[in-house]
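First comes the structure, then the notes that go with it.
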Amino acid sequence: MLQPDISLINNTLRYIGCSDGQADEQMLLTVRKALDTVLTKADFKYRYCKIADLADTPTFLEKEAYASLRPFLNEAALFAATLGLGCDRAIQATTKTDLSQAVVINAAANVVLEHLADEKLNTLQPKGVLFCPGYSGSDIIDNKQILNYLDAQKLIGIYTTESGIMIPEKSLCGIVLNNYRFSCKNCFIQSKCDYIKKGTTCYNQ
0 MLQPDISLIN
10 NTLRYIGCSD
20 GQADEQMLLT
30 VRKALDTVLT
40 KADFKYRYCK
50 IADLADTPTF
60 LEKEAYASLR
70 PFLNEAALFA
80 ATLGLGCDRA
90 IQATTKTDLS
100 QAVVINAAAN
110 VVLEHLADEK
120 LNTLQPKGVL
130 FCPGYSGSDI
140 IDNKQILNYL
150 DAQKLIGIYT
160 TESGIMIPEK
170 SLCGIVLNNY
180 RFSCKNCFIQ
190 SKCDYIKKGT
200 TCYNQ
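Mapping of the sequence shown onto numbering that gives the first Met the number 0: position 88 corresponds to residue 87, and the numbering continues sequentially without gaps.
Below, the structure written as structure tokens:
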């Protein structure tokens, strides 16, 4: 089983807005406890399929928000991963008794999901980066098509609401692109992007 090493601890601290060197012993203990909870409850599953192996190309990729991805689609793949409902339930249960700890568990679950997904993608497609609906002005409603193509509800238990929100909450999906570099340069909502106004980006939270 994955252990709560220093990188997971530091990334969880970053998620909750605690800079390097700011965490006292009590905070570190809280983070370790949260990671232990997540790693105990997590049931990591994933689906992966090359777009070239699909019967047809997903229509959402025709949208303007995905224009910068088109040169990379020949070797692209669809990917989805989840920690399962156990982590969601742990967060919900802890919210009723210790809201602060629930916030840290939520952050820890995000970190663990990203870590496990990155590990798996490094094996499946070493040059790949994951572009998720919601980036660069794209819409999370496109999660529905990705999950449908991957048969993710049946095979790994991820389904979506009508608006594209995934359940379990600790799930992700997107397009894996070889040698793709995220950039605001070609984003079609650049002029009205709230992230840019705040000095950050949608892909580096």
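Heads up, the beta-carbon is just placed ideally off N, CA and C, and yes, glycines get one too.
Only a predicted model underlies this, so the values are computations on that prediction, with no experimental measurement involved.
- DSSP lists 165 as the bridge partner or partners of residue 159.
- Burial check for residue 95: the Cβ neighbour count within 10 Å stays below 16, so the residue is exposed.
- Residue range 127-130 is occupied by the beta strand (DSSP E) that includes residue 127.
- Taking all protein chains in view, the Cβ of residue 121 is surrounded by fewer than 16 other Cβ atoms within 10 Å, so the residue is classified as exposed.
- By the criterion of a C-beta distance shorter than 7 Å, residue 15 is surrounded in its chain by 102, 103 and 106, once the five residues flanking it on both sides are discounted.
- Beta-bridge pairing by DSSP links residue 86 to no other residue.
- Membership of residue 180 in any beta strand (DSSP E) is not indicated, and neither H nor E is assigned to it by DSSP.
- According to DSSP, residue pairing for residue 81 in a beta bridge involves 44 and 170.
- Beta-bridge analysis with DSSP links residue 66 to no other residue.
- For residue 53, the number of other beta carbons within 10 angstroms of its own is below 16, and it is reported as exposed.
- According to the DSSP secondary-structure assignment, residue 134 is paired through a beta bridge with 132.
- In this structure, residue 116 and residue 37 do not form a Cβ contact; the two beta carbons are roughly 14 Å apart against a cut-off of 8 Å.
- Residue burial annotation: residue 92 is exposed, with fewer than 16 other C-beta atoms found within 10 angstroms of its C-beta.
- The segment 50-64 and the segment 121-141 touch, with no fewer than 3 CB-CB distances between them shorter than 8 Å.
- In the structure shown, residue 95 falls within a coil segment according to DSSP collapsed to helix, strand and coil.
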